[in-house]
Structure formats: structure tokens, C-alpha cells
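Engineer: Residue numbering for the sequence shown follows the numbering used here, starting at 35 and increasing by one per position.
C-beta: ideal position from N, C-alpha, C; glycine also.
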Amino acid sequence: MIDINELRKLNTLKNIVVTEHARIRLNSRNISIYDVQRVITEGEIIRQYEEDKPFASCLILGSSVGNVALHVVVSHDEEFIYLITAYYPSPTIWEPDFKTKKS
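See the structure below:
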């Protein structure tokens with residue numbers, strides 16, 4: 035399981051590796067790396083994906099610099115956080131708490 039405190043220890047610009055997929059998504063969704071850092075610093079893990087390869091990953095709920103709900107998916111090793119994707123959760127898919135998917 036990923037521990038949010040471990041992510042927070044690594045949460046510096048030099049320790050965040052942005053995958054090509056994540057770079058494209060951040061640009062198309064107008065999400066900054068500072069938004070991602072804020073989610074890691076202030077957010078909470080709402081899902082764990084322990085079977086993901088090469089490292090387990092997790093979904094973190096937080097808010098952007100503009101205080102809009104934001105989901106960030108990351109994995110990590112001992113040196114780096116790997117940003118997989120980030121998106122603004124849709125109210126049509128997520129409950130109002132943005133932690134629970136609608137049935």
C-alpha cells in the first residue's frame with residue numbers, strides 16, 4: 035500500500051517524473067504541476083491500485099490551486115513520484131464528495 039506521507043516526503047519538482055501520457059493530459063486539461071503538488075501535499079488517498087506495474091499506484095483526491103476538486107494518479111519508488119494522470123472529476127461520474135463513483 036502507498037502511504038501518503040511517503041509521497042509527501044518526495045513531493046518536490048525534481049522528484050516528480052511526468053510520463054508522456056500525463057504531460058499530454060495536464061496540457062489538455064489545463065492542470066499545472068503545482069496543482070499536482072498541492073494535491074499530494076493536502077489531499078488524501080481514496081483508492082489503491084496494488085496490482086499496477088511496475089509499481090503500485092493510487093488515486094489522490096485534493097484540490098487545485100484554484101480550489102477545484104482534482105484527482106491525481108501516481109506511483110513511486112524510493113527516489114521518485116511517477117505522475118500517471120490528473121483530471122477534474124466529473125459530477126456525472128462521482129458522488130458530490132468526489133471519493134465515491136456513482137453506481
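(1) Quick one: which unbroken beta strand (DSSP E) runs of 3-plus residues sit fully inside the region 89 to 129? Chain order, please.
(2) The alpha helix (DSSP H) with Glu-85 in it runs from where to where?
(3) If you follow the alpha helix (DSSP H) that Ile-74 is in, where does it begin and where does it stop?
(4) Mapping DSSP to helix, strand and coil, what is Lys-133?
(5) Taking the C-alpha atoms as reference points, what is the distance between Ile-36 and Leu-44?
(6) Give the single residue among Asp-131, Val-51, Tyr-116 whose Cα lies nearest to the Cα of Gly-32.
Structural biologist: Taking the structure as given:
(1) Restricting attention to beta strand (DSSP E) runs no shorter than 3 residues, the region 89 to 129 encloses them at 91 to 97, 103 to 110, 115 to 121, ordered along the chain.
(2) Your numbering for residue 85 matches position 51 in the sequence shown. Note, Glu-85: premise wrong, no alpha helix (DSSP H); not H, not E.
(3) By 1-based counting over the sequence shown, the position of residue 74 is 40. Run containing Ile-74: 67 to 76, per the alpha helix (DSSP H) assignment.
(4) One-based indexing of the sequence shown puts residue 133 at position 99. Three-state result, Lys-133: coil.
(5) By one-based count along the sequence shown, residue 36 stands at place 2. By one-based count along the sequence shown, residue 44 stands at place 10. C-alpha separation (whole angstroms): 13 Å.
(6) Residue 32 lies beyond the residue range present for the chain, which begins at 35 and ends at 137; the question has no answer from this structure.
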